[in-house]
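Novice: Just so we're aligned, residue 425 is where the sequence shown starts under the working numbering, counting upward by one.
Ideal Cβ positions, reconstructed from N, Cα and C, are used throughout, including at glycine.
In this text, all values refer to a predicted model and were calculated from it rather than measured experimentally.
Input: one structure, supplied below.
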Amino acid sequence: MSTCFHCGDPCTAIVVEHQQKSFCCYGCKTVFDILNDNDLSYYYEMERTPGISPVSNEGKFDFLENEQIVASLIEFDAQGVQVVSLLIPTIHCSSCIWVLENINKLNPAVKSAQVNFPKKTVRITYANQEICLRELVELLARIGYEPYISLDDANKQTAETDRSLLYKLGVAGFAFGNIMFLSFPEYFEVNEFWLDRFKHLFRWLMFAFAVPVVCYSAQDYFISAYKGIRSKMLNIDVPIAIGVAVLFLRSAVEIIMDLGTGFLDSLAGLVFFLLLGKFFQQKTYAFLSFERDYKSYFPIAVTRIVRNEFGDNKEEQTQVQEINKGDHILIRNGELLPVDGILVSGSALIDYSFVTGEAEPIVKQSGEKLYAGGRQQAGLIEVEVLKPVAQSYLTQLWSNEVFSKNKQTSFENLTDGISKRFTVSLLLIALVATVYWLFVDASMALTVFTAVLIVACPCAIALAAPFTLGNLLRIFGKHKLYIKDSSVIEQMAHIDTVVFDKTGTLTTNTKNVITYEGIALTNAEKLLLTSTLRASNHPLSRSLYALLDKNNIETLDDFSEAVGYGMTGTLKNRQIKIGSLDFVTSEAKSIVSSEKTAVHISTDKGYRGCYLFYTEYRSGVEAVFNNLRSTAEIVILSGDNDGERAHLTNIAPSGTKLYFNQSPSDKLRYIEQLQASGKKVLMVGDGLNDAGALAQSNVGISVSENVNVFSPACDGILDASRFRSIPTFLSLARKGTKTIKYAFLFSLFYNLIGLGFAVTGNLAPVVAAILMPLSSISIVVFTTVITHIIGKKLTLNQT
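Written out as structure tokens, the structure reads:
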């Protein structure tokens, strides 16, 4: 019987022959033709079982022609681009991920596809003018990945809980118990008539119990080992699969030839304890749940309009998870829209590049729908919320491939490298030890071979990095540093240069002393000034607005902001410019000293004056500098003038580099220069003017107060109240990498001891099977305890 070239299933009597290949059905042949015609035939070099064999779906998805149904399913719809997340129950292996994320090669209208393997979902961005949702779903169904679409609850598509590991563990446990019970006469060598008479029956019963253990419970190890070998990779399941196969074949030979009872008890015990260890690991990963950590503590806020009993409007900063349907919120220039909503008032110019990668903004009119993920670029708008914020959507946006950096995760590579070399060394040791015992005592050769393969499995090594970094990710989130993913912590461990922005980062926008110098403003000018400040998110603008918010406020006719320089507001043919002196006027530059932090103002009548800021630095800035200088070079990049040079020189360590009047592009270029010289750079900014520098740096941390400064360009968001803990976070990242190395040594020490007993024939396979998951558990306990201990330093450092 031949095997299907596409799905790997045995072909039945009806075999489809095509291009000298056999297919079990026309569905598999169709998939092959699709892949082959689109230059994707190299897919078969990776996997044999992508999804399931497709069946006819003619007319099945006609309901997706209904615009209301489509609107309930899609997450985003603007600029001819739609985004939809679909549940694909048949996702089960790496080849599934590969096919789905390369679906754009099947149809160029698909812009991108991202698979969430644990949730079995794929998020697809596509041009809806070239391919509609029905056609997209039919394309997925044709290649064996039919989405599950529930019209009863389109917004809550959930995958069924995968209980296969639990079932396999149950089968292995049941068989293990019964085989041990049937083996008691053999253990005690009881010479009793009836036991001796029925021992052959007992042996065949044990064999019957062992078959489902090998064919069902242990199948994942065989599949993984086969795929690894076929891909010319020796993964950690290869020695396990060999050990199980050797035990089963040797036992089968002994029972068939009536040489003995074999090692079926060791076999069943081995698989049971391996699965028990895997079950424990699975539960521990679920407890860590990286996504849950930072979406639960997401420090993003938005301005909500609250109307009191007298009909007056009041603005308050509210966490986005507290925003409900029907609430009215304000989105300022440069802010990210965290919810879907309807534009109520204001001029909306929305940049959806965070969602689609397309940088061209689009104009929206009052009454039109706005989608979460858009960034406002034309002043202040008022939005009525249609849906409460979906934190998982924000975290998905934060991880958008548009903003992914090509960062090397050194410890993951180190883990893979060690596991590979360890597996090769292990196989060599097992073969040498077996050959030795064949000459010394052939009856011990099989026991030694199997024990060596099992006891020295490098599973514990592979667990060290993810559990250590996962615990640190959770600890950092608990202490208000919200990291995008665990690989960022690895990068933090190698930082040797820390670059700080000044305004909004080293300084606070809540404790400034502000005075005005210049020509007194008229009431109309004050109205225009306050209304313009209200639309900006710059720290100095927010501080000044907090001082002037008792003035009357009106909606601007026009607003624009030159990032890093200033802003322009227009109301009833009157215009005002607010920002740096160079931005607001080219005349009268001698009116005020340029060596002070100031916000200058000019109107249609010319230059009017400036608000001077006597800056309040954050508590603990000097301590942060002193704690960092022993491990990192410190640089301060400021977009303001050098009026604060003398003060910063006094509080910063000697040798600190100070640069002023830096535009956003200047900051980015400086980061590039540092990296070109081999520096590992941490950029700490406010997430607004520093987006480019944050994205360019090895690690970008945005300091957040009570404004909406969420930016996918950064790698982490730090609550401003924990600013003084920056050195501690870096120290813990370095200690975390040391913990990983100690875990490697601990695992290596354990394996060497186990190998010593195994090669000398003093370790039974079943004992080795018990010890192996215990070694994995010990690594988990070790990394958890150590990270908990070092994490206490953050608690002690809390302000």
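Find the nearest neighbour of K1081 within the set G1067, S1062, R1093, judged by alpha-carbon distance.
Specialist: By 1-based counting over the sequence shown, the position of residue 1081 is 657. Ranking the options by Cα distance to K1081, first place goes to S1062.
Novice: Who are the Cβ neighbours of I1150 in its own chain at under 6 Å, not counting the five residues just before and after it?
Specialist: Counted from its first residue, the sequence shown places residue 1150 at position 726. Excluding residues within five positions, the ones whose Cβ falls inside 6 Å are V1048.
Novice: List the residues that DSSP assigns as beta-bridge partners of Y572.
Specialist: Within the sequence shown, the letter at position 148 stands for residue 572. Its beta-bridge partners are L511.
Novice: Can you tell me where the alpha helix (DSSP H) with M604 in it begins and where it stops?
Specialist: In the sequence shown, counting from the first residue as 1, residue 604 sits at position 180. Per DSSP, M604 belongs to the alpha helix (DSSP H) from 588-606.
Novice: In its own chain, which residues sit with a C-beta less than 8 Å from the C-beta of F683, not counting the 5 before and 5 after it?
Specialist: In the sequence shown, the residue the question calls residue 683 occupies position 259. Per the sequence shown, the amino acid found at residue 683 is Leu instead of Phe. V677, listed in sequence order.
Novice: Tell me which same chain residues have a C-beta within less than 7 Å of the C-beta of V768, skipping the five on either side of it?
Specialist: Position 344 of the sequence shown, counted from the start, is the residue given in the question as residue 768. Result list for V768: H752, S790, E806, V807, E808, in chain order.
Novice: Distance, Cα to Cα, N1065 vs T1039?
Specialist: Here residue 1065 corresponds to residue number 641 of the sequence shown, with the count starting at 1. Here residue 1039 corresponds to residue number 615 of the sequence shown, with the count starting at 1. In a straight line, the C-alpha of N1065 is about 13 Å away from that of T1039.
Novice: Secondary structure at N895, three-state DSSP: helix, strand or coil?
Specialist: Here residue 895 refers to the residue found at position 471 when the sequence shown is read from its first residue. Note: N895 maps to helix in three-state DSSP.
Novice: Just grab the DSSP bridge partners of A948 for me.
Specialist: The residue labelled residue 948 in the question sits at position 524 within the sequence shown. None, per the DSSP bridge assignment.
Novice: Alpha carbon to alpha carbon, what distance is there between R587 and A986?
Specialist: Your numbering for residue 986 matches position 562 in the sequence shown. Your numbering for residue 587 matches position 163 in the sequence shown. The alpha-carbon atoms of A986 and R587 are separated by roughly 55 Å.
Novice: So for E1057, helix, strand or coil by DSSP?
Specialist: Within the sequence shown, the letter at position 633 stands for residue 1057. Reduced to three states, the DSSP call for E1057 is strand.
Novice: Mind reading off the beta-carbon distance from T545 to L511? Whole number of angstroms is fine, and I expect it under 8 Å.
Specialist: On the sequence shown, position 121 is the one that residue 545 refers to. On the sequence shown, position 87 is the one that residue 511 refers to. 5 Å between Cβ atoms; contact.
Novice: Out of T979, N947, I938, state which residue places its alpha-carbon closest to the alpha-carbon of L964.
Specialist: One-based indexing of the sequence shown puts residue 964 at position 540. Nearest neighbour of L964 by Cα position, chosen from T979, N947, I938, turns out to be I938.
Novice: So the alpha helix (DSSP H) M916 belongs to, where does it begin and stop?
Specialist: Position 492 of the sequence shown, counted from the first residue, corresponds to residue 916. Counting along the chain, the alpha helix (DSSP H) containing M916 begins and ends at 910-916.
Novice: Can you name, in chain order, every residue of its own chain whose Cβ lies under 6 Å from the Cβ of K623, other than the five neighbours on each side?
Specialist: Numbered from its first residue, the sequence shown carries residue 623 at position 199. Answer for K623: no residue qualifies.
Novice: With DSSP collapsed to three states, give me the class of C1034.
Specialist: What you label residue 1034 is simply residue 610 of the sequence shown in a count that begins at 1. C1034: strand per DSSP, three-state reduction.
Novice: Taking DSSP as the reference, what is the three-state secondary structure of S960?
Specialist: As a position in the sequence shown, residue 960 is number 536, starting the count at 1. DSSP places S960 in coil when its eight states are reduced to three.
Novice: Could you compute how far the alpha carbon of T1021 sits from the alpha carbon of N1051?
Specialist: To locate residue 1021, count along the sequence shown from 1; it is residue 597. To locate residue 1051, count along the sequence shown from 1; it is residue 627. Taking the straight line from one Cα to the other gives about 27 Å.
Novice: Note the first and the last residue of the continuous alpha helix (DSSP H) segment covering G1178.
Specialist: For the purposes of this step, residue 1178 is taken as residue 754 along the sequence shown, with counting starting at 1. From DSSP, the alpha helix (DSSP H) with G1178 extends over 1150-1183.
Novice: With 16 as the cutoff for other CB atoms within 10 Å, does H1212 come out buried or exposed?
Specialist: Position 788 of the sequence shown, counted from the start, is the residue given in the question as residue 1212. Burial call: exposed.
Novice: Measuring alpha carbon to alpha carbon, tell me which of F633, Y591, L590, L589 ends up nearest I603.
Specialist: As a position in the sequence shown, residue 603 is number 179, starting the count at 1. Ranking the options by Cα distance to I603, first place goes to F633.
Novice: With distances taken Cα to Cα, identify the nearest neighbour of V922 among S911, L862, V1105, S910.
Specialist: In the sequence shown, residue 922 corresponds to position 498, counting from 1. Checking every option, the nearest Cα to that of V922 belongs to V1105.
Novice: I need the straight-line Cα distance from F835 to E914, nearest angstrom please.
Specialist: As a working note, residue 835 is residue 411 in the sequence shown. As a working note, residue 914 is residue 490 in the sequence shown. In this prediction, F835 has a pLDDT of 47, which is less than 50 and means its spatial position is unreliable; what the coordinates show is noted afterwards. Approximately 7 Å, taken between the alpha carbons.
Novice: How big is the Cα-Cα spacing for T473 and D1143?
Specialist: Here the question's residue 473 lines up with position 49 in the sequence shown. Here the question's residue 1143 lines up with position 719 in the sequence shown. For T473, the predicted structure reports a pLDDT of 44, less than 50, and the residue's modelled location is therefore unreliable. The matter cannot be settled from this model.
Novice: Can you say whether Y591 is buried or exposed, counting buried as having 16 or more other CB atoms within 10 angstroms of its CB?
Specialist: Numbered from its first residue, the sequence shown carries residue 591 at position 167. Burial call: exposed.
Novice: Might you give, ordered along the chain, the residues of its own chain that have their beta carbon closer than 7 Å to the beta carbon of V872, omitting 5 neighbours on each side?
Specialist: Counting from one through the sequence shown, the residue named residue 872 turns up at place 448. Result list for V872: A857, T858, W861, A1182, V1183, G1185, in chain order.
Novice: Per DSSP, E806 is paired with what?
Specialist: Translated into the one-based positions of the sequence shown, residue 806 becomes position 382. Answer by DSSP bridge pairing, in chain order: L754, S769.
Novice: Could you tell me the alpha carbon to alpha carbon distance between T956 and S1087, rounded to whole angstroms?
Specialist: For this step, residue 956 is matched to residue 532 along the sequence shown. For this step, residue 1087 is matched to residue 663 along the sequence shown. Take the alpha-carbon of T956 and the one of S1087: they are about 22 Å apart.
Novice: Going by Cα to Cα distance, which pick from M991, R799, D1006 is closest to Q999?
Specialist: In the sequence shown, the residue the question calls residue 999 occupies position 575. Per the Cα distances, M991.
Novice: Checking the sheet assignment: what are the DSSP bridge partners for Q1097?
Specialist: Position 673 of the sequence shown, counted from the first residue, corresponds to residue 1097. Its beta-bridge partners do not exist; DSSP assigns none.
Novice: Between which two residues does the alpha helix (DSSP H) containing V494 stretch?
Specialist: Numbered from its first residue, the sequence shown carries residue 494 at position 70. 491-497 is the span of the alpha helix (DSSP H), which, as asked, contains V494.
Novice: Buried or exposed for H1024, going by 16 or more other Cβ atoms inside 10 Å?
Specialist: For the purposes of this step, residue 1024 is taken as the residue at position 600 of the sequence shown. Flag for H1024 reads buried.
Novice: Can you tell me whether G1140 is buried or exposed? The criterion is at least 16 other CB atoms within 10 Å of its CB, across all chains shown.
Specialist: Position 716 of the sequence shown, counting from 1, holds the residue named residue 1140. Burial call: buried.
Novice: Flag this pair as yes or no: are the beta carbons of D764 and A802 separated by less than 8 Å?
Specialist: Locating residue 764 in the sequence shown gives position 340, counting from the first residue. Locating residue 802 in the sequence shown gives position 378, counting from the first residue. In this structure, D764 lies away from A802, with their beta-carbon atoms at least 8 Å apart.
Novice: T927 lies in the alpha helix (DSSP H); which residues open and close that run?
Specialist: Along the sequence shown, read from residue 1 onward, the residue named residue 927 stands at position 503. Where T927 is concerned, there is no enclosing alpha helix (DSSP H), given that its DSSP letter is neither H nor E.
Novice: Here's a check: name, in chain order, each residue in its chain whose Cβ is nearer than 8 Å to the Cβ of E740, leaving out the five neighbours to either side.
Specialist: As a first step, residue 740 is located in the sequence shown; it is residue number 316 there, counting from the start. Taken in chain order, the residues that qualify are T727, R728, V730.
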